[in-house]
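Just below is one structure, and these are the notes that go with it.
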Amino acid sequence: VREHGGEIMTGVRDFSLNLDGPGKAIRFSSGETLGIEFEALVSTIPIEELLTRLSPPENILKQVEKVGWRGLRLIFMHIEGEPQFEGESFYFPELAYVFGRVSVPKRFDPSMQPEPGLTALTCEVPCSENDKLWNMPAEKMYELCLESLRQSSLIGRGQRSRSEKNFIIGLPKIYPLYRVGWDEVIKSLLLYSAEKHPYAYFSGKPGLFLHNNIDHSVEIGLSLADDIIAGASAKDWISRLSVFHDLKLRD
Numbered sequence: 006v007r008e009h010g011g012e013i014m015t016g017v018r019d020f021s022l023n024l025d026g027p028g029k030a031i032r033f034s035s036g037e038t039l040g041i042e043f044e045a046l047v048s049t050i051p052i053e054e055l056l057t058r059l060s061p062p063e064n065i066l067k068q069v070e071k072v073g074w075r076g077l078r079l080i081f082m083h084i085e086g087e088p089q090f091e092g093e094s095f096y097f098p099e100l101a102y103v104f105g106r107v108s109v110p111k112r113f114d115p116s117m118q119p120e121p122g123l124t125a126l127t128c129e130v131p132c133s134e135n136d137k138l139w140n141m142p143a144e145k146m147y148e149l150c151l152e153s154l155r156q157s158s159l160i161g162r163g164q165r166s167r168s169e170k171n172f173i174i175g176l177p178k179i180y181p182l183y184r185v186g187w188d189e190v191i192k193s194l195l196l197y198s199a200e201k202h203p204y205a206y207f208s209g210k211p212g213l214f215l216h217n218n219i220d221h222s223v224e225i226g227l228s229l230a231d232d233i234i235a236g237a238s239a240k241d242w243i244s245r246l247s248v249f250h251d252l253k254l255r256d
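Going by my numbering, the letters in the sequence shown line up with residues 6 to 256, in that order.
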């Protein structure tokens, strides 16, 4: 992007949109107000978060309320020594464990663990925003993860955690909740947006309400770029929605 003269802005939380008329623009509030005009807008944030910024009518807001998500708390634990098993990722579907998956970053790339004698583990704890696990204090969450790591035999009973290096990241909208009728809700929101704002395109997992793999998202993004270059409208784009929702997740 930068090689072609583009700008990447990170950490943006507060913005407003004007998608009506020829002066389509996105404005950021960061001390001073910056305005960026565009011909096409591609959004990969959760679909309902963009639509609620565009002052939709009441019937659309009611549909937005039906969109639900499951989140994750990523618990980064540092233990002394090595895990007891070979491999990079471990899955735990049993309810006996607080996490659903544990990854060992340095087994993907040794540079991700520069300090010898320690192993960083990423414990993924499924939860929903503001539920018991989401609101659990960090020290209690570390204790639960450490006990689950030992109970699963991924680490030994004698292996200690270096708690001063632990930290947590909360991600509230990771997994779409596919309730009965979800597909009609998402289609209605995308169709409203396409008819009202024909230059706004949705893509990615949150933007299209998908549960897919990263290579699927890359493929979808490349396909969207081709469509925009070819002059396809947002309505043309969402006509292919069923193809994206039929993608099969691989673990």
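For every residue, glycine included, the Cβ atom is placed at its ideal position computed from N, Cα and C.
Burial state of residue i (16 or more Cβ within 10 Å)
i: G36; result: Residue placement at G36 is flagged as unreliable, the pLDDT there being 49, under the threshold of 50; the coordinate-derived value follows with that caveat. Per the 10 Å Cβ criterion, exposed.
i: G209; result: buried
i: M14; result: exposed
i: Q89; result: exposed
i: G163; result: exposed
i: E93; result: exposed
i: S21; result: exposed
i: I234; result: exposed
i: R7; result: exposed
i: V109; result: buried
i: E53; result: buried
i: I174; result: exposed
i: P211; result: buried
i: V72; result: buried
i: S168; result: exposed
i: G236; result: exposed
i: P51; result: buried
i: L151; result: buried
i: F97; result: buried
i: S222; result: buried
i: L191; result: Rather than Leu, the amino acid found at residue 191 in this sequence is Ile. I191 should be labelled buried.
i: D19; result: exposed
CB contact flag (residue i, residue j, <8 Å)
i: L215; j: F249; result: yes
i: R184; j: E85; result: no
i: N218; j: L246; result: no
i: L227; j: V69; result: no
i: F43; j: V17; result: no
i: L182; j: W74; result: yes
i: K111; j: T127; result: no
i: E134; j: P177; result: yes
i: Y206; j: A45; result: yes
i: Y147; j: I80; result: yes
i: S48; j: L55; result: yes
i: K240; j: P203; result: yes
i: L77; j: E129; result: yes
i: D231; j: W242; result: no
For residue i: DSSP bridge partner residues
i: E42; result: A30
i: V130; result: R78
i: N23; result: A30
i: I84; result: T124, S166
i: S48; result: F207
Closer than 8 Å to chain B by CB, residue i
i: W74; result: In the displayed structure, chain B is absent; only one protein chain is listed.
Span of the alpha helix (DSSP H) around residue i
i: G175; result: Element bounds for G175: not the alpha helix (DSSP H) but the beta strand (DSSP E), 172 to 181.
i: R155; result: 143 to 156
i: V69; result: 63 to 69
i: S193; result: 187 to 201
i: S222; result: 219 to 234
i: S247; result: 246 to 250
i: L138; result: 137 to 140
i: D114; result: Careful: D114 lies outside any alpha helix (DSSP H) and carries neither H nor E.
Cβ-heavy atom distance, residue i to the ligand ADP, below 7 Å
i: W74; result: Ligands in the displayed structure: none, and consequently the ligand ADP is not present.
Enclosing beta strand (DSSP E) for residue i [first to last residue]
i: F95; result: 94 to 96
i: F207; result: 205 to 207
i: R106; result: 106 to 108
Checklist entry - Is the segment 145 to 159 touching the segment 94 to 109 in the sense that three or more CB pairs, one from each, lie closer than 8 Å? => result yes
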